[in-house]
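With the first letter of the sequence shown counted as 1, position 249 gets the number 380 in the working numbering; the numbers rise by one all the way through. Glycine included, C-beta positions come from ideal geometry on N, C-alpha and C. What you are looking at is a predicted structure, and each value in this text was computed from that prediction instead of being measured.
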Amino acid sequence: MSELPTARPDRGPAPPWFPNISRNLNYNAIEIHGLDIIRNTYYSEEVIFEECRLFRDVAHTRSLSRAAQLNGISQSAATQHIQQLESKMGVELLDRTTRPLGLTAAGRLYADLCRDVLRRGEDFMASMADLKGAMEGTFRIASIYSIGLTEMPRLREEFARVCPGVQLLVEFLRPNKVYDAVLSDHADIGFISYPEPNRDLTVIPWREEQMVVAAYPSHPFAGRTLLQPDELDGQNFVAFDQEVTIHRELERFFRENAIEVSIAAQFDNIQSIKEAVAQGAGISILPERSISSEVEQHRLLAIPLDAPELVRPTAIIHRKKKKLSRAGLEFLQLIRSEVPAAAAMA
Numbered sequence: 132m133s134e135l136p137t138a139r140p141d142r143g144p145a146p147p148w149f150p151n152i153s154r155n156l157n158y159n160a161i162e163i164h165g166l167d168i169i170r171n172t173y174y175s176e177e178v179i180f181e182e183c184r185l186f187r188d189v190a191h192t193r194s195l196s197r198a199a200q201l202n203g204i205s206q207s208a209a210t211q212h213i214q215q216l217e218s219k220m221g222v223e224l225l226d227r228t229t230r231p232l233g234l235t236a237a238g239r240l241y242a243d244l245c246r247d248v249l250r251r252g253e254d255f256m257a258s259m260a261d262l263k264g265a266m267e268g269t270f271r272i273a274s275i276y277s278i279g280l281t282e283m284p285r286l287r288e289e290f291a292r293v294c295p296g297v298q299l300l301v302e303f304l305r306p307n308k309v310y311d312a313v314l315s316d317h318a319d320i321g322f323i324s325y326p327e328p329n330r331d332l333t334v335i336p337w338r339e340e341q342m343v344v345a346a347y348p349s350h351p352f353a354g355r356t357l358l359q360p361d362e363l364d365g366q367n368f369v370a371f372d373q374e375v376t377i378h379r380e381l382e383r384f385f386r387e388n389a390i391e392v393s394i395a396a397q398f399d400n401i402q403s404i405k406e407a408v409a410q411g412a413g414i415s416i417l418p419e420r421s422i423s424s425e426v427e428q429h430r431l432l433a434i435p436l437d438a439p440e441l442v443r444p445t446a447i448i449h450r451k452k453k454k455l456s457r458a459g460l461e462f463l464q465l466i467r468s469e470v471p472a473a474a475a476m477a
């Protein structure tokens with residue numbers, strides 16, 4: 132992203148399609164003024180999108196340094212850009228008294244405007260690619276760690292064969308951040324577990340992954356081919372943090388089966404839990420697919436549990452009104468063979 136250009140009133144009229152942005156939206160004066168700045172100051176479509184993308188990222192990450200990094204510029208350049216915007220609008224867009232950074236009322240309005248511009252731009256580019264029959268550009272995926280680390284290498288390889296001209300960008304995030312990334316258009320689709328209904332999202336059920344007991348190789352359970360739930364009573368257990376959905380699901384399972392375990396450690400991700408179990412901290416209950424690599428390396432045991440109802444549902448999410456590119460539709464097609472016949476959740 133280049134440095135912010137200065138105003139160029141000699142560049143002629145603004146692109147005619149920009150008035151359409153606000154045709155059906157109830158913008159107040161600050162938003163209209165924001166549009167005027169975009170229309171009269173930064174005429175290049177690329178510059179328009181760069182500027183909107185920067186402020187959208189500031190609003191999303193609540194960090195100037197992180198937004199600058201995402202846009203390939205220095206923090207000082209990002210700071211200067213925001214200050215210039217505030218000077219032109221005559222209002223403060225950022226609340227600098229809070230940590231992390233916050234938005235003022237005007238900042239929230241301008242962030243909404245930037246998101247709308249970027250969404251319309253992406254829809255336009257996707258439609259143009261359809262007309263040209265081209266599959267190019269970038270497809271962005273946000274995924275929880277366990278799905279991303281176990282599934283994405285295979286999916287990336289398959290996708291490269293189908294769409295060699297498309298760059299696949301994958302970001303591993305906590306579950307709530309996956310939802311945020313998809314809703315804010317930082318990602319085209321997301322991979323999540325225990326999907327939650329959202330009126331702004333389409334949720335496509337993917338897999339129901341069977342849960343198994345994960346244990347270190349020298350554990351007394353070694354050699355067992357099936358465990359009964361009551362055999363877990365009294366075991367040292369490596370658990371998920373309480374705010375993670377799978378923690379609540381396992382608590383319900385323990386309660387229904389009158390099981391009491393001794394919590395040896397708690398983590399917010401499967402990778403840390405697997406490592407703690409491998410080091411002998413205790414057992415855990417994890418999706419079987421998520422520990423397949425460690426089982427092959429003989430670092431962990433995957434012992435079936437006589438609880439067929441104990442599964443982890445996974446899903447793909449995308450924003451309902453988002454127009455996916457041809458490459459995005461091809462990616463979804465790659466995984467549709469693994470999607471159950473159930474209809475997408477509204």
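Can residue i and residue j be called in contact, C-beta distance under 9 Å?
i	j	result
TRP337	ALA190	no
LEU417	ALA312	no
ARG271	ILE204	no
ALA199	LEU216	no
VAL392	PHE385	yes
LEU304	ILE275	yes
CYS294	GLU461	yes
ASP243	LYS453	no
GLN402	SER277	yes
Which one of the options has the shortest CA to CA distance from residue i?
i	options	result
LYS219	TYR241, VAL293 and SER415	TYR241
VAL442	ARG287, HIS378, SER258 and ASN307	HIS378
GLU342	GLU380, ASP226, SER205 and LYS454	Residue identity check: residue 342 is Met in the sequence provided, not Glu. The candidate whose alpha carbon is nearest that of MET342 is GLU380.
SER315	SER456, LEU460 and ILE448	ILE448
ASN513	GLU339, TYR310 and GLU340	Limits of the chain in this structure are 132 at one end and 477 at the other, which puts residue 513 out of reach.
ASN367	ARG239, GLN298, GLY413 and LEU244	GLY413
LEU455	LEU304, THR269 and GLN359	THR269
LYS405	ILE213, CYS245, LEU280 and ASP254	LEU280
ASP361	HIS212, SER258 and ASP437	ASP437
GLN464	GLU387, ILE278, GLY238 and LEU286	LEU286
ASP487	SER258, GLN359, PRO306 and ASN388	Residue 487 cannot be examined here, being either before or after the span of the chain that is shown, 132 to 477.
LEU363	SER415, ALA407 and MET256	SER415
Taking the C-alpha atoms as reference points, what is the distance between residue i and residue j?
i	j	result
ALA409	ALA433	12 Å
ARG550	HIS350	The question about residue 550 has no answer here: the residues shown for the chain are numbered 132 through 477.
ARG227	THR210	12 Å
ALA318	CYS183	16 Å
VAL369	ASN202	39 Å
ARG292	GLU340	27 Å
THR356	PRO435	6 Å
ILE466	GLU419	19 Å
ASP188	PHE180	12 Å
PHE352	ILE390	17 Å
ALA208	GLN214	10 Å
VAL426	GLN298	32 Å
ARG457	PHE290	12 Å
GLY459	ALA273	13 Å
PRO348	ARG197	42 Å
LEU358	PRO439	12 Å
ILE394	HIS212	50 Å
SER423	ASP331	34 Å
GLY238	GLN206	19 Å
GLY365	GLN397	17 Å
PRO284	PHE322	14 Å
ALA373	GLU387	In the sequence as displayed, the identity of residue 373 is Gln instead of Ala. Spanning the two alpha carbons is a distance of roughly 18 Å.
GLU302	LYS308	10 Å
THR333	SER421	25 Å
MET256	GLY296	16 Å
GLY354	SER258	57 Å
GLU282	LYS451	24 Å
HIS429	PRO326	32 Å
ILE161	THR229	With a pLDDT of only 47 at ILE161, under 50, the local geometry of the prediction cannot be trusted, and the value read off the model is given with reservation. About 22 Å.
GLY411	GLU288	34 Å
LYS371	ALA407	According to the sequence as given, residue 371 is Phe; it is not Lys. Distance between the alpha carbons of PHE371 and ALA407: 12 Å.
For residue i, which residues does DSSP report across the bridge?
i	result
PRO418	MET342
SER393	ASN367
VAL273	The amino acid occupying residue 273 in the given sequence is Ala; Val does not appear at that position. ALA273 is bridged to GLU302 and GLY321.
ILE447	PHE322 and ILE335
ASP226	GLY233
ILE204	Answer is none; ILE204 lacks a bridge partner.
ALA433	ALA345
VAL297	GLY268
LEU358	LEU436
VAL442	GLN341
PHE385	Answer is none; PHE385 lacks a bridge partner.
PHE398	PHE371
Query raised in the report: Between the segment 222-233 and the segment 186-206, do at least 3 Cβ pairs fall closer than 8 Å?
Result: Between the segment 222-233 and the segment 186-206 there are three or more inter-stretch CB-CB distances shorter than 8 Å, so the stretches are counted as touching.
Query raised in the report: Do three or more CB pairs link the segment 222-229 to the segment 244-260 at distances below 8 Å?
Result: Flag = no, the segment 222-229 and the segment 244-260 do not touch.
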